[in-house]
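S.K.: First the structure, which I've put down as structure tokens, then a few questions once you've had a look.
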Amino acid sequence: MAATPWLLLLCPSLAAGGVLQARAQPDSNGFISIDCGTQGKEGYVDTATKLLYYPDTGFTDGAGTCRNISADYITSSLCKCLYTVRSFASGVRNCYTLRSLVPGLKYLIRAKFMYGNYDGLQRPPIFDLHIGVNYWQTVNITKPDAEKSVEAIVVVPDDFVQVCLINTGAGTPFISLLELRPLKKTMYPQVTAAQGLHLSDRINFGRIDENTDVIRYPDDPHDRIWTHLVEPTDISMTRKVIPDSLFEVPTVVMQTAMRARIVSGGLGLSWDPEPQPKNPSPGYITIMHFSELHVLPFNAIREFHINLNGVSWYPNNVLPKYLSGTAIYNSFPSLKSHYNISIMPTARSTQPPIINAIEIYTVITTTNLGTDSVDGTFYSDA
Ligand SMILES: *[C@@H]1O[C@H](CO)[C@@H](O)[C@H](O)[C@H]1NC(C)=O
Ligand SMILES: *[C@@H]1O[C@H](CO)[C@@H](O)[C@H](O)[C@H]1NC(C)=O
Ligand SMILES: *[C@@H]1O[C@H](CO)[C@@H](O)[C@H](O)[C@H]1NC(C)=O
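Position 204 of the sequence shown, counted from 1, bears residue number 554 in our numbering, the numbering being contiguous throughout.
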């Protein structure tokens with residue numbers, strides 16, 4: 351449904367701009383996929399996603415330098431998209447501008463960084479990332495072969511958005527990959543003009559196919575990346591699971607779940623907050639996804655409640671619906687020094703608790719996303 355306005359928007363731009371200009375435009379999905387630092391003008395098809403990735407010329411105003419990572423770090427399993435970087439040795443703030451967006455729509459923005467000793471200095475940098483003028487995340491590269499992925503979901507108030515690398519005096523900022531994917535306005539209700547979500551974890555419990563590394567596009571039409579957590583008690587099936595409307599979790603993710611070992615057992619998940627230098631006590635949003643995968647015998651019931659740090663987190667008991675996704679989430683960020691979620695069966699439950707997937711985010715401020723950094727004037731849609 352969201353594809354219709356995109357197509358209308360795209361065609362005039364293509365006609366007016368010609369081939370070169372078209373590279374700086376979203377594709378027919380509304381996706382922008384940029385392999386930073388590659389030389390030449392030609393894009394290529396990524397083997398995993400079959401999406402077209404383009405060089406970053408035309409997104410950066412010519413700033414920065416194209417560099418190759420050291421051959422020492424190129425392995426057969428390394429994505430081609432990480433072979434090159436663009437580094438920004440001069441200027442405190444260097445930005446990528448992503449254009450032809452739909453004002454007011456929600457977008458997923460993902461940046462990836464692999465240092466790979468591209469400068470021969472064996473000194474991975476630390477620098478800040480901004481979306482527009484808003485602090486997003488500090489990128490702290492600790493090892494040359496570390497692949498660091500940073501992802502956010504934000505409302506873009508204008509027809510463009512800037513992703514900026516900020517030199518904080520701890521090494522030269524660089525970037526390997528930049529991706530933008532449109533969502534729907536109705537999705538992720540926690541995301542507003544003033545608040546974005548920064549991804550901490552997105553886990554698919556269980557795994558259908560041994561050879562599948564992660565689940566993303568085309569299984570997930572929004573190209574979210576779902577990692578796996580595999581447990582011996584996993585359950586799965588192959589029928590379609592109707593997604594819930596707010597998060598549209600793909601059926602392949604919902605078709606597998608983790609199950610408690612015994613009927614009276616619980617499922618637990620715990621984590622510590624990750625403070626950011628400029629966001630020292632981040633608030634957390636947790637979204638849990640449930641669907642019943644088995645036809646339960648007559649009189650059988652799978653029902654559980656969810657606690658956070660031993661206190662009820664969701665007021666109602668959860669009874670997953672057969673082949674239909676339900677999402678349970680908090681709307682306002684929680685601030686704890688430790689997070690310990692437990693999913694416990696109710697007294698009348700005859701089946702152990704399950705969970706199909708979870709997403710964990712911290713909140714980021716996006717109040718000034720529409721601010722144009724070039725001329726310094728402030729404006730907003732309000
Ligand atoms: C990067 O590698 C490619 C292919 O191996 C080569 O053609 C190009 O000149 C290299 N670029 C730099 C900046 O060294
Ligand atoms: C970067 O990571 C290292 C290793 O985890 C840590 O010791 C250091 O404090 C971090 N620096 C910043 C600025 O986050
Ligand atoms: C989480 O809570 C459960 C039960 O409330 C407890 O047994 C477990 O030790 C806790 N785990 C962590 C890591 O805090």
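Cβ coordinates follow ideal geometry from the N, Cα and C atoms, glycine included.
1. So what's D478 in DSSP terms, helix, strand or just coil?
2. Please report the straight-line C-alpha distance between S586 and L673, rounded to a whole angstrom.
3. Of the choices G556, I575, G466, whose alpha-carbon is the least far from that of V500?
4. For ligand 2, is there any heavy atom lying closer than 7 Å to the beta carbon of N490?
5. In the DSSP assignment, what are the bridge partners of T676?
6. From the DSSP output, read off the bridge partner residues of R552.
7. Could you tell me which of K671, L533, P703 sits nearest to G380, measuring between CA atoms?
8. Go to V511, then tell me how far its beta strand (DSSP E) extends in each direction, as first and last residue.
9. How long is the line joining the alpha carbons of I714 and H548, rounded to whole angstroms?
10. Please state if the CB of F640 and the CB of N690 are separated by a distance shorter than 8 Å.
11. Can you tell me whether E709 is buried or exposed? The criterion is at least 16 other CB atoms within 10 Å of its CB, across all chains shown.
12. Within 8 Å, do at least three Cβ pairs link the region 465 to 477 to the region 443 to 454?
13. For P523, count the other beta carbons within 10 Å of its own beta carbon; 16 or more makes it buried, fewer makes it exposed. Which is it?
14. In three-state DSSP terms, what is Q371?
15. Flag C416 as yes when its Cβ comes closer than 7 Å to any non-hydrogen atom of ligand 1, and as no otherwise.
16. For M604, does the three-state DSSP call read helix, strand or coil?
17. Of the residues L432, E642, A413, which one's Cα is nearest the Cα of I419?
18. What do you reckon, is the C-beta of S620 under 7 Å from a heavy atom of ligand 3?
19. Rounded to a whole number of angstroms, what is the C-alpha to C-alpha distance between C429 and G675?
20. From P471 to D396, what distance separates their C-alpha atoms?
21. Could you give the uninterrupted runs of the alpha helix (DSSP H) lying entirely in the region 413 to 479, keeping only those of 4 residues or more?
22. Under three-state DSSP, which class holds I610?
23. Regarding I476 and ligand 2, is the C-beta to nearest heavy atom distance less than 7 Å?
24. So, helix, strand or coil for V489, using DSSP?
25. Is M608 closer than 8 Å to E581 when the C-beta atoms are compared?
26. Excluding the 5 residues preceding and the 5 following P670 in the sequence, name in chain order all residues of the same chain whose CB lies nearer than 6 Å to its CB.
27. Could you name the residues of the same chain whose beta carbon sits closer than 6 Å to that of T583, not counting the 5 residues immediately before and after it, in chain order?
28. Report the option in C416, A413, T434 whose CA atom is closest to the CA atom of Y423.
29. Starting from T717 and walking both ways along the beta strand (DSSP E), at which residues does that stretch end?
30. How about N690: is its Cβ closer than 7 Å to a heavy atom in ligand 3?
31. Throw me the rounded Cβ distance for the H572 and L458 pair, which I believe falls under 8 Å.
M.R.: By the coordinates alone:
1. For this step, residue 478 is matched to residue 128 along the sequence shown. Looking at D478 - three-state DSSP - the assignment turns out to be strand.
2. As a first step, residue 586 is located in the sequence shown; it is residue number 236 there, counting from the start. As a first step, residue 673 is located in the sequence shown; it is residue number 323 there, counting from the start. One Cα belongs to S586, the other to L673, and the distance between them is close to 11 Å.
3. The residue you call residue 500 lines up with position 150 of the sequence shown. From the listed residues G556, I575, G466, the smallest Cα separation to V500 is found for I575.
4. Here residue 490 corresponds to residue number 140 of the sequence shown, with the count starting at 1. Yes, ligand 2 has a heavy atom inside 7 Å of this Cβ.
5. In the sequence shown, residue 676 corresponds to position 326, counting from 1. In the DSSP assignment, the residues bridged to T676 are F640.
6. For the purposes of this step, residue 552 is taken as the residue at position 202 of the sequence shown. Under DSSP, R552 takes part in a beta bridge, and its partners are E709.
7. Taking the sequence shown and counting its residues from 1, one reaches residue 380 at position 30. Closest option to G380, Cα to Cα, is L533.
8. Indexing the sequence shown from 1 puts residue 511 at position 161. Run containing V511: 511 to 520, per the beta strand (DSSP E) assignment.
9. Taking the sequence shown and counting its residues from 1, one reaches residue 714 at position 364. Taking the sequence shown and counting its residues from 1, one reaches residue 548 at position 198. Their Cα atoms are separated by approximately 7 Å.
10. Residue mapping note: residue 690 aligns to position 340 of the sequence shown, counting from 1. Residue mapping note: residue 640 aligns to position 290 of the sequence shown, counting from 1. For the 8 Å CB-CB criterion, N690 and F640 do not form a contact.
11. Position 359 of the sequence shown, counted from the start, is the residue given in the question as residue 709. With a 10 Å radius around the Cβ and a threshold of 16 neighbouring Cβ atoms, E709 comes out buried.
12. No: the two stretches stay apart, fewer than three of their Cβ pairs being nearer than 8 Å.
13. Looking up residue 523 in the sequence shown gives position 173. It counts as buried.
14. Here the question's residue 371 lines up with position 21 in the sequence shown. Annotation note: pLDDT 40 at Q371 (below 50); position unreliable, no value reported.
15. As a working mapping, residue 416 is identified with position 66 in the sequence shown. Checking every heavy atom of ligand 1 against the Cβ of C416, one is found closer than 7 Å.
16. As a first step, residue 604 must be located in the sequence shown, where it is residue number 254. Reduced to three states, the DSSP call for M604 is helix.
17. Sequence index remark: in the sequence shown, residue 419 carries index 69 (1-based). Out of L432, E642, A413, the CA that lies nearest to the CA of I419 is found in L432.
18. Here residue 620 corresponds to residue number 270 of the sequence shown, with the count starting at 1. Yes; taking the cut-off as 7 Å, the Cβ of S620 has a heavy atom of ligand 3 nearer than that.
19. The sequence position of residue 429 within the sequence shown is 79, counting from 1. The sequence position of residue 675 within the sequence shown is 325, counting from 1. C429 and G675: Cα-Cα distance of roughly 32 Å.
20. Here residue 471 refers to the residue found at position 121 when the sequence shown is read from its first residue. Here residue 396 refers to the residue found at position 46 when the sequence shown is read from its first residue. Sequence inspection shows Leu at residue 471; the Pro mentioned does not correspond to that position. Going by the C-alpha atoms only, they are around 30 Å apart.
21. Within the region 413 to 479, no run of alpha helix (DSSP H) reaches 4 residues while sitting entirely inside it.
22. Along the sequence shown, read from residue 1 onward, the residue named residue 610 stands at position 260. The sequence shown places Ala at residue 610, not Ile. In this structure, A610 counts as coil in the three-state DSSP scheme.
23. What you label residue 476 is simply residue 126 of the sequence shown in a count that begins at 1. Judged by the Cβ position, I476 qualifies as a neighbour of ligand 2 at the 7 Å threshold, a heavy atom of the ligand being closer than this.
24. As a position in the sequence shown, residue 489 is number 139, starting the count at 1. Shown here, V489 sits in a strand according to DSSP, grouped into three states.
25. Position 231 of the sequence shown, counting from 1, holds the residue named residue 581. Position 258 of the sequence shown, counting from 1, holds the residue named residue 608. For E581 and M608, yes; Cβs fall inside 8 Å.
26. Working through the sequence shown from its first residue, we reach residue 670 at position 320. Answer for P670: F640, S641, E642, listed in chain order.
27. Within the sequence shown, numbered from 1, the residue matching residue 583 stands at position 233. Result list for T583: R609, R611, in chain order.
28. Here residue 423 refers to the residue found at position 73 when the sequence shown is read from its first residue. Of C416, A413, T434, the residue nearest in Cα terms is T434.
29. Residue mapping note: residue 717 aligns to position 367 of the sequence shown, counting from 1. In the DSSP assignment, T717 falls outside any beta strand (DSSP E) and carries neither an H nor an E.
30. Taking the sequence shown and counting its residues from 1, one reaches residue 690 at position 340. N690 Cβ: within cutoff of ligand 3.
31. The residue labelled residue 572 in the question sits at position 222 within the sequence shown. The residue labelled residue 458 in the question sits at position 108 within the sequence shown. Right, their Cβ atoms sit about 6 Å apart.
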